[in-house]
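Chemist: Those protein sequence lines, which keep their order, are chains A and B.
According to our numbering, the first sequence is numbered sequentially starting from 83.
According to our numbering, the second sequence is numbered sequentially starting from 14.
The beta carbon of each residue, even a glycine, is placed where N, CA and C say it ideally should be.
Fair warning: this is a prediction, and the values are worked out from it, not measured in the lab.
Take a look at the following structure, please.
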Amino acid sequence: MAIIIDENTRVVVQNITGRQGSFHTGQMLAFGTRVVAGVAPGKGGQTVEGVRVFDTVDQAVRATGADASVVFIPAYQAGDGAFEAIDAGIRVLVVITEHIPVADEIELVTYARQKGVTLVGPNTFGIVSSGKCKIGIPSNHFFVPGPVGVVARSGTLTYEIAANLAAAGLGQSTVVGLGGDRAVGLSFVEVLTLFEDDPETKAVVLIGEIGGNAEEEAAGYIAGMSKPVVAYIAGKSAPPGKRMGHAGAIIERGRGTFAGKVEALLASGARVASLPHEVPALIGNVLQER
Amino acid sequence: MKLFEYMGKDLFRAHGIKVPAGQVAATPAEAVAAWRHVGGPVVVKPQVLTGKRGKAGGIRFVDSAAAVAAAAGDVLAMEFGGLKVDKLLVEEKIAISREYYLALTVDGAAGKTVLIASASGGMDIEEVAEEGIVKRHIDPLVGVMPYVGREVAGRLGLTGEPLKQFADLVVRLHRAYRASDAELCEINPLVWTGAEFVAADAKVTIDDDALFRQKDLPRVAEKTDVEKAAADMGLAFVQLDGDIAVMANGAGITMATLDTLSHLGGAPANFLDAGGGTGTEGTVKALELLLGLNPKVIFINIFGGITRCDDVARAVVRFKSERLVKVPLVIRMVGTNEAEGLRILREAGIPAHRVMVEAAASAVALAGKGA
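Structure representation (structure tokens):
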């Protein structure tokens with residue numbers, strides 16, 4: 083078991099002929115991901131890394147039975163490609179692209195929910211079920227199968243913590259990047275719910291950051307979880323971020339600060355690491371206590 | 014990108030939202046001409062990208078050529094949070110029967126646009142109690158029809174003609190918001206004159222990621238020179254006051270890097286998220302930017318994902334040799350193409366760390382040596 087994706091997931095890569103698309107197709111294949119098709123409009127019939135290229139996602143899905151897609155399309159066209167994947171019947175949609183206009187993201191998030199599609203991102207590193215399937219861009223060698231589920235808002239910090247876990251002999255069940263943008267497909271609570279129900283996951287690492295109120299909402303759910311959670315929140319020393327007039331402040335109503343998030347998480351029963359390299363020891367402790 | 018008030022009002026006017034008659038002026042003489050054009054009592058408002066203009070004494074009500082010229086001279090010489098005033102908006106003083114608050118913005122937690130309204134406009138909205146604020150999410154696949162406006166108006170206690178006018182205004186504001194790819198359209202105060210609603214202020218922020226398709230909107234620069242240079246390179250940069258210049262890739266790990274340096278007693282000079290897939294050229298430019306901060310140490314913390322270690326390593330080697338850099342560099346590098354990156358650094362005689370906290374400790378120690 084793992085969450086969202088596993089060894090049976092069949093992946094199509096959108097914009098497979100691009101610099102990132104072709105490079106990461108090779109990396110995903112090396113990881114063991116079943117990349118069954120690529121899409122590049124006008125380039126149908128070519129192959130990239132031995133993977134057949136189609137003109138449309140619909141053609142790729144019908145020919146190969148792909149059920150997941152990863153979008154490496156530049157921001158100004160990414161919305162088009164993401165909606166195309168949803169309409170083609172893709173079940174898990176991973177949008178790596180950053181700088182997509184927020185209005186387009188809001189439409190995408192809403193449409194994906196309406197169609198029952200699991201949207202990972204936009205602006206995500208992707209999702210990795212260790213030893214089974216990687217859809218996204220993290221380097222392969224930090225992912226070893228194990229009992230720790232990881233869910234994060236930011237990419238590189240996740241690699242850092244996943245690598246620290248691996249170095250301490252703690253593997254991961256699934257690592258999920260929610261995406262760094264304001265409107266993304268998955269919430270911490272949705273992913274925590276999946277980890278709570280996944281028999282392979284024994285403990286969860288939540289990697290958050292200042293701003294927004296996603297971590298506070300997660301704390302509300304963690305309080306009722308049977309599995310232990312270790313959190314790290316980045317941004318303790320960061321300068322105050324940009325605020326959008328008064329309207330942004332109204333939504334958050336004083337939430338979103340480092341202290342507020344840590345307080346909410348501690349109150350929920352989660353352990354909170356002050357620096358990234360402390361996470362493995364805390365996970366080791368909570369696993370031993372069980 | 015924030016718009017100046019007068020630009021926001023131009024946007025509103027173009028979508029049929031009533032704003033006070035007014036004109037922009039850059040000198041006292043132009044302000045007097047604007048006063049003549051508008052006619053009657055006017056308000057003189059500095060065009061700066063900050064709130065709190067009123068509290069700082071920047072908003073003047075005047076009604077004679079001499080008073081307009083004096084107010085304009087005063088306000089043009091003022092600074093608001095370090096921001097100079099280049100332009101004034103001279104506009105008609107409107108009759109106020111009641112002040113409301115109305116805004117559209119992004120609610121990230123809901124993944125939707127949210128409409129926010131209050132019958133307690135004019136004042137600092139953050140100080141209005143939660144019960145006094147109406148919030149309603151907008152379904153992006155439906156948009157805003159007049160009934161949404163009527164529903165919100167009803168919750169604000171409006172009836173009759175004001176209710177109908179408010180509903181129309183909400184539809185128009187949403188149209189302006191979507192058409193301009195705004196992430197904030199705020200009217201505070203929204204004035205009911207007794208006969209109609211008038212947007213007495215306009216705070217509009219455009220989504221930077223959508224500027225590529227907003228070619229007709231004006232461009233407003235609000236950054237310091239270094240921040241602007243960074244923005245032009247596509248880098249997220251904030252200047253701080255320490256002596257350890259930092260470059261990392263990804264907002265989360267950049268913040269964690271600052272946290273780690275601070276925890277170990279160091280003082281970061283900046284926040285620089287070089288983003289993903291910056292490439293060799295972009296990395297060299299980012300490093301040159303850091304050199305401009307006169308740091309004691311430059312700390313490069315790369316965890317390669319879409320960023321490739323070999324690209325960064327080549328950039329570091331080029332930077333060091335071409336610019337004859339004497340500032341010590343501390344490099345931590347792991348991830349995509351790590352072996353190749355480390356080999357390039359090794360051949361150039363540049364040491365690299367693999368563990369973040371060890372690299373950070375080394376950077377803090379080097380900064381201390383120079384003190």
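(1) Quick one: Cα of P183/A to Cα of I315/A, how far?
(2) Does chain A have any CB closer than 8 Å to the CB of K228/B?
(3) Taking Cβ positions, are E121/A and V135/A nearer each other than 8 Å?
(4) Would a check of beta-carbon distances place R264/A closer than 8 Å to chain B?
(5) Does K125/B come out as helix, strand or coil in the three-state DSSP assignment?
(6) Could you give the distance in angstroms between the alpha-carbon of G132/A and the alpha-carbon of T99/A?
(7) I'd like the list of long-range same chain contacts for G29/B, defined as Cβ closer than 6 Å, with 5 residues on each side in sequence excluded.
(8) Please classify K318/A as buried or exposed, where buried requires at least 16 other C-beta atoms within 10 Å of its C-beta.
(9) Alpha helix (DSSP H) containing M260/B: first to last residue?
(10) Are the CB atoms of M246/B and V326/B within a distance shorter than 8 Å?
(11) Looking only at its chain, what residues have a beta carbon closer than 6 Å to the beta carbon of Y303/A, apart from the 5 residues adjacent to it on each side?
(12) Quick one: what's got a C-beta closer than 7 Å to T107/A's C-beta in the same chain, skipping five residues either side?
(13) Using a C-beta cutoff of 8 Å, does N307/B count as contacting chain A?
(14) Does the segment 158–174 of chain A come close enough to the segment 140–147 of chain A to have 3 or more Cβ pairs within less than 8 Å?
(15) Near A384/B, which residues of its chain fall below 6 Å by C-beta distance, leaving aside the five closest residues on each side in sequence?
(16) What's the C-alpha gap between T218/B and A248/A?
(17) The alpha helix (DSSP H) spanning N201/B covers which residue range?
(18) Check the Cβ-Cβ distances between A248/A and every residue of chain B, and say whether any is below 8 Å.
(19) How would you write the range of the alpha helix (DSSP H) that R367/B sits in, first residue to last?
(20) Tell me whether M136/B is buried or exposed, calling it buried when 16 or more other Cβ atoms sit within 10 Å of its Cβ.
(21) Would you kindly work out how many angstroms separate the C-alpha atoms of P159/B and E18/B, rounded to a whole number?
(22) When you compare the CB positions of G207/B and V103/B, do they come within less than 8 Å of one another, or not?
(23) Can you pull the chain A residues whose beta carbon is under 7 Å from the beta carbon of S275/B, in chain order?
(24) Measure from the C-beta of P220/A to each C-beta in chain B and report whether the shortest distance is under 8 Å.
(25) Closer than 8 Å by C-beta to Q227/B: which residues in its own chain qualify, once you throw out the five before and the five after it? Chain order, please.
(26) So with Cβ pairs under 8 Å, would you call V191/A a contact of chain B?
(27) Would you decide whether K58/B is buried or exposed? Buried here means 16 or more other CB atoms lie within 10 Å of its CB.
(28) Per DSSP, I344/B is paired with what?
(29) Please report whether the beta-carbon of R356/B lies at a distance below 8 Å from any beta-carbon of chain A.
(30) Rounded to whole angstroms, what is the Cα-Cα separation between I257/B and K309/B?
(31) Relative to the alpha-carbon of S104/A, which residue among I155/A, A150/A, E89/A and T283/A has its alpha-carbon at the smallest distance?
(32) So, for M20/B: in the same chain, excluding its five sequence neighbours on each side, which residues have a beta-carbon less than 6 Å away from its beta-carbon?
(33) Please list the partners that I219/B has in chain A, where partner means a Cβ-to-Cβ separation under 9 Å.
(34) With 8 Å set as the bound, which would you pick, yes or no: does the beta-carbon of L271/B sit closer than that to a beta-carbon of chain A?
(35) Please confirm if Q96/A has its CB atom under 8 Å from at least one CB of chain B.
(36) Note down, in chain order, each residue of its chain lying with its Cβ closer than 7 Å to the Cβ of K324/A, except the 5 sequence neighbours on either side.
Modeler: With the given structure in hand:
(1) Against the first sequence, residue 183/A aligns to sequence position 101. Against the first sequence, residue 315/A aligns to sequence position 233. The alpha-carbon atoms of P183/A and I315/A are separated by roughly 26 Å.
(2) Counted from its first residue, the second sequence places residue 228/B at position 215. It does not: the Cβ of K228/B has no partner Cβ on chain A nearer than 8 Å.
(3) The residue you call residue 121/A lines up with position 39 of the first sequence. The residue you call residue 135/A lines up with position 53 of the first sequence. Per the sequence shown, residue 121/A should be read as Val rather than Glu. Taking 8 Å as the Cβ cut-off, V121/A and V135/A qualify as a contacting pair.
(4) To locate residue 264/A, count along the first sequence from 1; it is residue 182. Yes - at least one Cβ of chain B is within 8 Å of the one on R264/A.
(5) Taking the second sequence and counting its residues from 1, one reaches residue 125/B at position 112. Strand, per DSSP.
(6) Sequence index remark: in the first sequence, residue 132/A carries index 50 (1-based). Sequence index remark: in the first sequence, residue 99/A carries index 17 (1-based). Distance between the alpha carbons of G132/A and T99/A is about 12 Å.
(7) As a first step, residue 29/B must be located in the second sequence, where it is residue number 16. Within the same chain, G29/B has close Cβ partners R185.
(8) As a working note, residue 318/A is residue 236 in the first sequence. Counting Cβ neighbours within 10 Å, K318/A comes out buried, since at least 16 surround it.
(9) Within the second sequence, the letter at position 247 stands for residue 260/B. Taken as a continuous stretch (DSSP letters only), M260/B belongs to no alpha helix (DSSP H), being part of the beta strand (DSSP E) at I257 to A261.
(10) Residue mapping note: residue 326/B aligns to position 313 of the second sequence, counting from 1. Residue mapping note: residue 246/B aligns to position 233 of the second sequence, counting from 1. The residue asked about is misnamed: residue 326/B is Ala in this sequence, not Val. No; because the gap between Cβ atoms is not below 8 Å, this pair is not in contact.
(11) In the first sequence, residue 303/A corresponds to position 221, counting from 1. These residues qualify, in order along the chain: V271 and L274.
(12) Against the first sequence, residue 107/A aligns to sequence position 25. Cβ within range, chain order: V95, I98, V117, G120, V130, E131 and V133.
(13) Against the second sequence, residue 307/B aligns to sequence position 294. Judged by the 8 Å Cβ criterion, N307/B is not in contact with chain A.
(14) yes
(15) The sequence position of residue 384/B within the second sequence is 371, counting from 1. Note that A384/B scores 41 on pLDDT, short of 50, meaning its location in the model is unreliable; the coordinates nonetheless yield the value given after this. There are no such residues.
(16) As a position in the second sequence, residue 218/B is number 205, starting the count at 1. As a position in the first sequence, residue 248/A is number 166, starting the count at 1. Rounded to the nearest angstrom, the two C-alpha atoms are 43 Å apart.
(17) Here residue 201/B corresponds to residue number 188 of the second sequence, with the count starting at 1. Run containing N201/B: none in the alpha helix (DSSP H); it sits in the beta strand (DSSP E), A195 to W205.
(18) Stepping through the first sequence from its first residue, residue 248/A is reached at position 166. Cβ-Cβ to chain B under 8 Å: no for A248/A.
(19) Counted from its first residue, the second sequence places residue 367/B at position 354. Unbroken run through R367/B: none, as it is neither H nor E.
(20) Taking the second sequence and counting its residues from 1, the one referred to as residue 136/B is at position 123. So M136/B counts as exposed.
(21) On the second sequence, position 146 is the one that residue 159/B refers to. On the second sequence, position 5 is the one that residue 18/B refers to. Between P159/B and E18/B, the C-alpha separation is close to 26 Å.
(22) Taking the first residue of the second sequence as position 1, residue 207/B is located at position 194. Taking the first residue of the second sequence as position 1, residue 103/B is located at position 90. Against a cut-off of 8 Å, the Cβ pair of V103/B and G207/B comes out as no contact.
(23) As a position in the second sequence, residue 275/B is number 262, starting the count at 1. Per Cβ cutoff of 7 Å: S319.
(24) In the first sequence, the residue the question calls residue 220/A occupies position 138. P220/A counts as touching chain B.
(25) In the second sequence, counting from the first residue as 1, residue 227/B sits at position 214. Closer than 8 Å at the Cβ level, and outside the excluded window around Q227/B, lie S193, D194 and I219.
(26) In the first sequence, residue 191/A corresponds to position 109, counting from 1. Chain B contact via Cβ: present.
(27) Numbered from its first residue, the second sequence carries residue 58/B at position 45. The residue in question, K58/B, is buried, as its Cβ has 16 or more Cβ neighbours within 10 Å.
(28) Along the second sequence, one-based indexing puts residue 344/B at 331. Per DSSP, I313/B.
(29) The residue you call residue 356/B lines up with position 343 of the second sequence. For R356/B, the answer is no, since every Cβ of chain A falls outside 8 Å of its Cβ.
(30) Position 244 of the second sequence, counting from 1, holds the residue named residue 257/B. Position 296 of the second sequence, counting from 1, holds the residue named residue 309/B. If I take the Cα positions, the gap works out to 6 Å.
(31) By one-based count along the first sequence, residue 104/A stands at place 22. Taking only the C-alpha atoms, the option nearest S104/A is I155/A.
(32) Here the question's residue 20/B lines up with position 7 in the second sequence. Same-chain partners within the cutoff: P231.
(33) Your numbering for residue 219/B matches position 206 in the second sequence. Residues of chain A passing the Cβ test: none, with the nearest at roughly 10 Å.
(34) For this step, residue 271/B is matched to residue 258 along the second sequence. At least one chain A Cβ lies under 8 Å of L271/B.
(35) Translated into positions along the first sequence, residue 96/A becomes position 14. Taking Cβ atoms only, chain B never reaches closer than 8 Å to Q96/A, which makes this a no.
(36) Reading the first sequence from its first residue, position 242 is the one you call residue 324/A. Residue confidence is low: K324/A scores 44 on pLDDT, short of 50, so the model does not pin down where it sits. Its coordinate-derived value is still stated next. Once the five neighbours on either side are set aside, K324/A has no close Cβ partner at all.
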